[in-house]
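Since the structure comes first, as structure tokens, the remarks are kept for the end.
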Amino acid sequence: MRRVRLFALFSALIFFLRTGPALGQTLRGTLEKRSFTGPVTDRQIEFSIYLPESYSSSEERYPVIYHLHGLGGSHDGYHTRTVPASFEKARDMGIIGPVIIVFPDGYKDSFWADSFDRTKRAETNIIAELIPYVDENFRTLRDARFRVIQGFSMGGFGAAKFITKFPDLFNLGIIYDGALLDWRTLVMSHTMIAFSIFANSEDYFNQFSPWFWAGKNKNKLTARTRLRLVVGALLSWNRNFLSYLSEIGIPVEYVETSCLHDLNCLLNFEGPWSAAFISEALNQTFRDYHRGDKRSKLKEK
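Printed below as a string of structure tokens:
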């Protein structure tokens, strides 16, 4: 797929690259830590949520972006500031409108799966508990076409898994230097995780593998899913995944950068283009809705 390039954004992009989403930047929107008891797991589900500054003064409903952290992270890391800062800068550039951003917790090393021993049920937490809770308690646009999944490193693996396994729940995905491991490379690079999360079982791993689900759901994914891969240091894993997706006919926007394995660097260089990629999809959905396209009817209360 061709890269989204909007000529009018070039001068603003230069400004973005010079400033970037600084770690200490003050957000205009609000960042809150929340928790609730999961109705399926009966466990405390913790997450952080960013609400745009217009949230408290309007009745507007917003698209939602779910951002998944990397290995060793949590719902309360530095990404809870840099990701919203990147979107606020993109808004200043006129690329995208206000969005809600949700930061789930992935138990540090779950690879966004349900562990075999069921002590870490990251997938169930998000699909069966967090998304329904957020839609019920915040003014979201409750439709898959207004729901985005993205992540960095292990979170990129999770984002790729969620969008390929649950294409009816997410409109598009952004993968930042994803740890896009298949079973062989997982065993080689993360032996303990292969054991502790997946019980050394390739069959169990495949239940949570974007490689498996991309192949299984390729017809749905080819028809409507939008996927963007932004690559830093993890070149071989991302190139292999790109090659596989291309082989089975799933369109991908693919970008390699000069960044190391660093989310802040990736956001500095590619944040505005990711925002443009998201905005293009959201705007098409809004146009369909306002034309009266029944397929795009919003699911409100």
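Here the sequence shown is numbered in this note's numbering, starting from 981 and rising by one per residue.
Built from N, CA and C at the ideal position, the CB exists for glycine as well.
Residues bridged to residue i (per DSSP)
{"i": "Y1156", "result": "F1132 and V1210"}
{"i": "Q1024", "result": "T1017"}
{"i": "L1048", "result": "G1131"}
{"i": "Y1184", "result": "In the DSSP output, where bridge partners are listed per residue, Y1184 has none listed."}
{"i": "A1227", "result": "One detail in the question is off: residue 1227 reads as Glu in this sequence, not Ala. Answer by DSSP bridge pairing: none, since E1227 is not bridged."}
{"i": "L1031", "result": "T1010"}
{"i": "I1081", "result": "Y1030 and I1045"}
{"i": "L1071", "result": "Looking at the sequence itself, residue 1071 is Arg, so the reference to Leu does not match. Answer by DSSP bridge pairing: none, since R1071 is not bridged."}
Residue environment, residue i, which counts as buried when at least 16 other CB atoms sit within 10 Å
{"i": "D1148", "result": "exposed"}
{"i": "R1204", "result": "exposed"}
{"i": "S1189", "result": "buried"}
{"i": "P1282", "result": "An answer regarding residue 1282 cannot be provided, because it is not within the stretch 981 to 1281 covered by the chain."}
{"i": "A1255", "result": "buried"}
{"i": "V1114", "result": "buried"}
{"i": "L1031", "result": "buried"}
{"i": "N1105", "result": "buried"}
{"i": "N1248", "result": "buried"}
{"i": "L1240", "result": "exposed"}
{"i": "S1015", "result": "exposed"}
{"i": "T1010", "result": "exposed"}
Residue i versus residue j - alpha carbon distance
{"i": "L1003", "j": "T1062", "result": "Residue placement at L1003 is flagged as unreliable, the pLDDT there being 48, under the threshold of 50; a coordinate-derived value is accordingly withheld."}
{"i": "I1075", "j": "S1028", "result": "24 Å"}
{"i": "S1216", "j": "S1238", "result": "14 Å"}
{"i": "S1259", "j": "P1064", "result": "15 Å"}
{"i": "K1088", "j": "E1109", "result": "19 Å"}
{"i": "A1213", "j": "E1039", "result": "42 Å"}
{"i": "S1054", "j": "R1071", "result": "26 Å"}
{"i": "K1013", "j": "K1141", "result": "25 Å"}
{"i": "Y1035", "j": "F1146", "result": "28 Å"}
{"i": "D1085", "j": "I1025", "result": "8 Å"}
{"i": "E1068", "j": "Q1005", "result": "11 Å"}
{"i": "R1041", "j": "R1119", "result": "5 Å"}
{"i": "S1037", "j": "V1044", "result": "18 Å"}
{"i": "I1080", "j": "G1229", "result": "31 Å"}
{"i": "V1082", "j": "M1168", "result": "32 Å"}
{"i": "F1257", "j": "G1057", "result": "25 Å"}
{"i": "H1059", "j": "L1243", "result": "8 Å"}
{"i": "G1195", "j": "T1171", "result": "25 Å"}
{"i": "A1139", "j": "R1098", "result": "20 Å"}
Close beta carbons around residue i, own chain, < 6 Å, minus the five adjacent residues each side
{"i": "V946", "result": "The first residue shown for the chain is 981 and the last is 1281, placing residue 946 beyond what the model contains."}
{"i": "Q1264", "result": "none"}
{"i": "L1152", "result": "V1128, R1206 and A1261"}
{"i": "W1163", "result": "E1182 and F1185"}
{"i": "G1050", "result": "F1132, S1133, M1134 and G1135"}
{"i": "W1191", "result": "D1162"}
Proximal residues to residue i (C-beta, below 8 Å), its chain only, five neighbours per side dropped
{"i": "V1232", "result": "M981, L1207, R1208, L1209, L1222, L1225 and S1226"}
{"i": "G1052", "result": "K1088 and D1089"}
Own chain partners of residue i with C-beta closer than 7 Å, once the 5 adjacent residues on each side are dropped
{"i": "N1218", "result": "G1158, L1160, L1209 and V1211"}
{"i": "E1103", "result": "W1092, A1093, D1094 and F1188"}
{"i": "S1090", "result": "K1100, A1102 and I1177"}
C-beta neighbour in chain C for residue i, strict 8 Å
{"i": "I1173", "result": "Considering every chain present, this structure includes no chain C. It has just one protein chain."}
The stretch 1109-1129 contacting the stretch 1168-1183, beta-carbon criterion three pairs below 8 Å:
Verdict: no, contact absent.
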